[in-house]
Ligand code: IPM
Ligand code: MG
């Protein structure tokens with residue numbers, strides 16, 4: 002009896018859902034319907050726990066996230082998040098901001114690695130602002146450090162100079178342990194890919210960057226089969242636009258990773274396409290504990306209008322199946338369904354080709370329709 006119950010329990014995954022603000026609830030609903038479809042096909046189910054976090058958390062409880070919400074996320078097998086924030090909560094002097102919820106989750110759950118795969122779906126080459134010949138072979142993975150650096154360094158506060166002038170301070174701080182664990186993950190990932198790591202820093206200026214270089218060299222000694230390149234962040238930014246296919250795994254500190262991943266997202270044709278995973282070292286019964294979210298923000302200008310592209314969130318759900326739930330085949334089924342929906346001409350508004358004649362040949366789909374089309378292609 003006990004064994005049967007254990008087997009049953011292993012087939013129901015507990016997922017904490019954070020729909021958040023703006024388009025967040027719409028794209029999360031789309032991903033939930035796709036996950037339900039893939040669960041039906043592969044014989045597993047989900048127990049959803051929806052949490053009121055972000056700007057909506059501030060409106061409801063007065064804080065972006067409550068300690069019990071962080072605990073619920075810890076207790077779940079994985080977390081699926083839409084987006085948080087919006088102009089309503091943007092006052093720079095406000096004591097509570099929706100983004101604090103992200104930092105409480107990243108720091109509180111020890112999610113030190115943010116994985117942002119950058120690929121270009123062949124069907125979307127026309128939607129990318131880069132020349133088609135630059136897009137062949139683009140397959141990069143940005144590994145961004147997520148729980149240290151300028152985002153977490155203290156002090157971080159307004160100051161006043163002795164002369165009474167307004168000033169402010171942020172602190173860029175890294176320990177060798179924080180660097181070693183993320184760089185090691187980058188090398189491990191590279192081993193399953195094209196065996197190249199580009200470590201991005203500003204070592205000609207910053208002491209933290211010079212520590213990153215030293216520690217990365219030390220870790221590299223354990224991965225002699227992986228090629229290591231150091232690159233300054235300004236040069237990396239330029240090379241991403243000029244020769245994106247030259248990168249395999251990029252590993253970098255928190256703020257550089259934030260900036261470079263938005264730049265890289267442009268290559269894919271739309272920010273709406275790209276997924277992300279934030280993981281730490283903790284493992285559950287099924288895989289690494291993690292938080293999954295699209296790279297795009299809450300897009301308040303199009304919220305509630307069924308216009309948002311749910312594919313970034315749907316592909317994040319695929320990453321969740323692969324990394325946290327031990328279901329790589331189900332993950333691949335979602336990715337293949339997305340690819341077939343694009344083959345069949347379905348496009349959300351952001352994915353339409355710029356040329357009117359090419360756009361006309363496509364089927365314009367809203368958020369719900371796009372998720373339904375993906376679900377249909379999983380069922381078969
Ligand atoms: C991201 C976002 C966040 C970040 C913001 C919303 C605080 O840009 O996840 O990349 O800077 O980390
Ligand atoms: Mg960002």
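In my numbering, the protein residues as written are 2 to 381.
We put the CB at the ideal spot given by N, CA and C, even for glycine.
- Residue 203 holds the alpha-carbon nearest to the alpha-carbon of residue 255 among 203, 283 and 42.
- With the rule of 3 Cβ pairs closer than 8 angstroms, the region 205–218 counts as touching the region 164–176.
- For residue 145, the number of other beta carbons within 10 angstroms of its own is at least 16, and it is reported as buried.
- For residue 307, the CB stays at least 7 angstroms from every heavy atom of the ligand IPM.
- A straight-line Cα-Cα distance of about 23 angstroms links residue 351 and residue 243.
- Exclusion of the five residues before and after residue 324 leaves 278, 280, 288, 289 and 291 as the residues of its chain whose Cβ lies within less than 7 angstroms of its Cβ.
- Boundaries for residue 227: no alpha helix (DSSP H) harbours it, and the DSSP string shows neither H nor E there.
- Exposed is the label assigned to residue 286, since fewer than 16 other Cβ atoms lie within 10 Å of its Cβ.
- Take the alpha-carbon of residue 295 and the one of residue 196: they are about 26 angstroms apart.
- If you check the CB distance, residue 136 and residue 121 come in under 8 angstroms.
- Contact between the region 50–58 and the region 98–112 is present, with at least three C-beta pairs closer than 8 angstroms.
- Judged by beta-carbon spacing, residue 109 lies within the 8 angstroms limit of residue 71, meaning their Cβ atoms are closer than that value.
- Excluding the 5 residues flanking it on each side, residue 125 has same chain C-beta neighbours closer than 8 angstroms at 269, 270, 271, 274, 343 and 352, in chain order.
- Between the ligand IPM and the CB of residue 103, the shortest heavy atom gap is smaller than 7 angstroms.
- A distance criterion of 7 angstroms places the beta-carbon of residue 111 beyond contact range of the ligand IPM, judged by its closest non-hydrogen atom.
- Boundaries around residue 370 are those of the alpha helix (DSSP H), 368–380, since no beta strand (DSSP E) includes it.
- DSSP places residue 274 in the helix class (H, G or I) of the three-state scheme.
- Unbroken beta strand (DSSP E) runs of no fewer than 3 residues, entirely contained in the region 301–352, are not found.
- Comparing alpha carbon positions, the residue from 28, 316, 154 and 252 closest to residue 310 is 28.
- For residue 35, the enclosing alpha helix (DSSP H) stretches over residues 25–43.
- Contact residues of the ligand IPM (beta-carbon closer than 5 angstroms to any heavy atom; chain order) are 100 and 259.
- Per the coordinates, the alpha-carbon of residue 233 lies some 15 angstroms from the alpha-carbon of residue 262.
- For residue 263, the CB falls within less than 7 angstroms of some heavy atom of the ligand MG.
- About 4 angstroms separates the CB atoms of residue 276 and residue 317; that is less than 8 angstroms, so the two are in contact.
- The alpha carbon of residue 82 has as its nearest neighbour, out of 21, 181 and 355, the alpha carbon of 21.
- Assignment of residue 102 by DSSP, reduced to helix, strand and coil, places it in the helix class.
- Annotation: residue 46 is outside any alpha helix (DSSP H); the continuous beta strand (DSSP E) that includes it extends over 46–51.
- Annotation: residue 114 to residue 185 spans about 11 angstroms, alpha carbon to alpha carbon.
- Residue pairing for residue 293: DSSP places it in a beta bridge opposite 81 and 278.
- For residue 88, no alpha helix (DSSP H) run applies, since DSSP gives it neither H nor E.
- The straight-line gap separating the alpha-carbon atoms of residue 245 and residue 44 is approximately 39 angstroms.
- Per the coordinates, the alpha-carbon of residue 371 lies some 7 angstroms from the alpha-carbon of residue 347.
- Annotated three-state conformation of residue 142 is strand, per DSSP.
- DSSP places residue 202 in the uninterrupted beta strand (DSSP E) bounded by 197–202.
- Exclusion of the five residues before and after residue 341 leaves 378 as the residues of its chain whose Cβ lies within less than 7 angstroms of its Cβ.
- Residue pairing by DSSP places residue 233 opposite 202 in a beta bridge.
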